[in-house]
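J.: Would you mind keeping the following structure in view while I ask a few things?
Spelled out as structure tokens, the structure:
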């Protein structure tokens, strides 16, 4: 049975190839989807591909020269993929493994003709097949949806992939459930059958079993060392790796939550590279501590580390009426340890005159932090922002930077420098290095900072122009700051000065992951203000997205379905049977959807 004969949301197309080709052509030209001919999974992916401006007539992908192959995923997958390739040696199919960014780490096939074709469409190690670069495909669409997905023939967004059929299945960490990558099986579209997706799922499960064995050995070794340290010491002991944190009762009793977070963050940095370390730490409470960090290694790789902590200075005594406030920066709030560390680091670099880059996710507050530091130290001085993403050509951006540095003092912020192409980045680096030397010789006060999401090794010249880098944490890493952020942002919104947030609504907000960070939180509050401008924000005032705590990115159709379920549950006052009946769903379906979308409604 060919895939074109197999109905179902993930197993294969429901329309003939010629009909599907016509539906794809209609979508590309008119922006309309024939829902009876195109599966929902594919239609949602087409819309995402269109919103990312993916080219439908060519494949042009980013390339990573040396992807990291020393990971638990690669080591666990190696024997599984080797056995599978031996079993499929007489079949024209390629076995592919990618990381969570869609970068291909391994590709194996014994069919030379298929391999040559895959090379032509850059389905090869080092290239990223994330949806945002190539559109609908088995790898990227599986990552976006977080579930096994088959994409066959004309379902691909890029026409260069129409000869292929592919089935991708996410591989998850056995403890955290985090997606680590995708195993994908790709063959000629004419040969793709219903077993392709089944085989991809089974292969992913086998890799996860290998990961379970590997993780189990490592977690057991870490747990043994943690217990040994607890028996030897009556003081503060904790152990950690990427998935587990263990802390003894004494640590929880003695340390404030913000001090615990500061110690964990410092320990993770100190043990980077697998070295023992002894570190002095100034804690947010005013206490001082010395940490003794000991990495734990196993035959299968690093297992994490065990940390012993000794307090060398007690916390500051609290003045009457509460704790002494830290110096505030204008226009900023937040007292979380990681956020305060970023603020302190930027202030220190400003006072020393050292040029820096500020790295962080979109919406995390990079520009707001730089503006606040400038206003704190030089409120009357010039603060200029130049955005590389808004320049028509890199040369235009360089000209504006040169003019600003030649004619003005004060603070210059270069936004989105990671958006510059390679040659533009190198030219900017050379310009900044000349200007920095000239500023030192002339004694001019000119402070330059650059913001970016990430810079790779190809942009090392640009990093050398900035002696320091400060990492701004995403909102989910200092989520306790929502208690201060929410009232602060409400005051800044028009017609919302008297609006407050109830504890129940704040609790819902704090349960979200906020992938868009503070910018997303501000947009949510702006949506609330459209229908409530005074009084108290209750859970029912929050948009449906705040009722969902799922960690994966939902497709547009899934987001619409989630919102409909939330509204029906609110209308039915939480009674799931009534909500299911109103939506035309069965009880079993709505319960499964509530679980899948992480919908959380107060009782």
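Numbering (the numbering used here), first residue to last: -10 to 592.
Yeah, the Cβ is synthetic: ideal placement off N, Cα and C, and Gly gets one too.
DSSP puts residue 176 in a beta bridge; with which residues?
T.: Answer is 82, 154, bridged to residue 176.
J.: In the structure shown, what three-state DSSP assignment does residue 384 receive?
T.: In this structure, residue 384 counts as helix in the three-state DSSP scheme.
J.: What do you get for residue 127, buried or exposed, if any count of 16 or more other CB atoms within 10 angstroms of its CB means buried?
T.: Residue 127 comes out buried.
J.: Given this structure, state the Cα-to-Cα distance separating residue 141 from residue 154, to the nearest angstrom.
T.: Going by the C-alpha atoms only, they are around 4 angstroms apart.
J.: Counting beta carbon pairs with one atom in the stretch 44 to 63 and one in the stretch 18 to 32, are three or more of them shorter than 8 angstroms?
T.: Short answer: they don't touch.
J.: If you draw a straight line from the alpha carbon of residue 121 to that of residue 275, how long is it in whole angstroms?
T.: Roughly 46 angstroms between the two C-alpha positions.
J.: Just verifying my parser: in three-state terms, what is the DSSP assignment at residue 89?
T.: Looking at residue 89 - three-state DSSP - the assignment turns out to be coil, as it is neither helix nor strand.
J.: Rounded to the nearest angstrom, what separates residue 583 and residue 563 at their Cα positions?
T.: Rounded to the nearest angstrom, the two C-alpha atoms are 11 angstroms apart.
J.: Taking 8 angstroms as the cut-off, decide whether the C-beta atoms of residue 588 and residue 572 are in contact.
T.: No, Cβ-Cβ distance for residue 588 and residue 572 is not below 8 angstroms.
J.: Which partner residues does residue 255 have in the DSSP bridge list?
T.: Answer is none; residue 255 lacks a bridge partner.
J.: On the premise that residue 81 lies in contact with residue 103, defined as a C-beta separation below 8 angstroms, what is that separation, rounded to the nearest angstrom?
T.: At roughly 5 angstroms, the Cβ-Cβ gap stays under 8 angstroms, so residue 103 and residue 81 are in contact.
J.: To the nearest angstrom, report how far apart residue 36 and residue 568 are at their CA atoms.
T.: Cα to Cα, residue 36 sits roughly 28 angstroms from residue 568.
J.: Judging by CA-CA distance, which residue of 40, 41, 6, 47 is the nearest neighbour of residue 27?
T.: Closest by alpha carbon: 6.
J.: Helix, strand or coil for residue 49, going by three-state DSSP, please let me know.
T.: Of the three classes helix, strand and coil, the one that applies to residue 49 here is coil, per DSSP.
J.: Exposed or buried, residue 310, counting other C-beta atoms within 10 Å across all chains shown (16 or more means buried)?
T.: Because residue 310 sits at a pLDDT of 44, beneath the cut-off of 50, its placement in the model cannot be relied upon, and the following sentence gives the value as read from the coordinates. That one is exposed.
J.: Considering only the beta carbon of each residue, do residue 386 and residue 401 sit closer than 8 angstroms?
T.: Going by C-beta atoms, residue 386 is not nearer than 8 angstroms to residue 401.
J.: When you compare only the Cα positions, how much space is there between residue 383 and residue 331?
T.: Whole-angstrom Cα-Cα distance: 30 angstroms.
J.: With DSSP as the reference, label residue 482 as helix, strand or coil.
T.: Of the three classes helix, strand and coil, the one that applies to residue 482 here is coil, per DSSP.
J.: Looking at C-alpha atoms only, which residue of 329, 222, 167, 356 is the closest neighbour of residue 296?
T.: If we check each option's Cα against that of residue 296, 222 comes out closest.
J.: When DSSP labels each residue in this structure, what does residue 439 get in the three-state scheme?
T.: Reduced to three states, the DSSP call for residue 439 is strand.
J.: The beta strand (DSSP E) with residue 286 in it runs from where to where?
T.: Note, residue 286: beta strand (DSSP E), 277 to 287.
J.: State buried or exposed for residue 133, treating a residue as buried only when at least 16 other CB atoms are found within 10 Å of its CB.
T.: Buried, since its Cβ has 16 or more Cβ neighbours within 10 Å.
J.: Between which residues of its own chain and residue 312 is the CB-CB distance below 6 angstroms, once the five residues before and five after are set aside?
T.: For residue 312, the predicted model reports a pLDDT of 42, less than 50, meaning its position is unreliable; a value from the coordinates is still stated below. Contacts found: none.
J.: Would you kindly report the start and end of the unbroken alpha helix (DSSP H) that includes residue 31?
T.: Segment 29 to 40, the alpha helix (DSSP H) holding residue 31.
J.: Are at least three pairs of beta-carbons, each pair with one atom in the stretch 409 to 416 and one in the stretch 365 to 373, less than 8 angstroms apart?
T.: No, the stretch 409 to 416 is not in contact with the stretch 365 to 373.
J.: Where does the unbroken alpha helix (DSSP H) through residue 134 begin, and where does it stop?
T.: Residue 134 -> alpha helix (DSSP H) spans 127 to 134.
J.: By the DSSP assignment, the beta strand (DSSP E) with residue 271 in it spans what residues?
T.: It spans 266 to 271 - the beta strand (DSSP E) in which residue 271 sits, taken as one unbroken run.
J.: I'd like to know whether the C-beta atoms of residue 270 and residue 282 end up nearer to each other than 8 angstroms.
T.: The answer is no: Cβ separation not under 8 angstroms.
J.: Determine which residues share a DSSP beta bridge with residue 414 and list them.
T.: None, per the DSSP bridge assignment.
J.: For residue 332, write down the residues that DSSP places opposite it in a beta bridge.
T.: In DSSP, residue 332 forms no bridge with anything.
J.: Pick helix, strand or coil for residue 202, following the three-state DSSP scheme.
T.: Here residue 202 sits in helix by DSSP.
J.: Looking at residue 228: is its Cβ nearer than 8 angstroms to the Cβ of residue 235?
T.: Yes. Within cutoff.
J.: Thinking residue 442 and residue 350 are a contact (beta carbons under 8 angstroms), I'd like their distance in whole angstroms, please.
T.: Right, the Cβ-Cβ distance comes to about 6 angstroms (below 8 angstroms), so this counts as a contact.
J.: Whole-angstrom Cβ separation of residue 145 and residue 125, contact assumed at under 8 angstroms?
T.: Yes, residue 145 and residue 125 are in contact; Cβ-Cβ is about 6 angstroms, under 8 angstroms.
J.: For residue 85, which option in 77, 75, 79, 98 has the closest C-alpha, if you only look at C-alpha atoms?
T.: Considering only alpha carbons, the answer is 98.
J.: So, do the stretch 209 to 217 and the stretch 180 to 200 have three or more beta carbon pairs nearer to each other than 8 angstroms?
T.: In short, these stretches do not touch, since the Cβ pair count stays below three.
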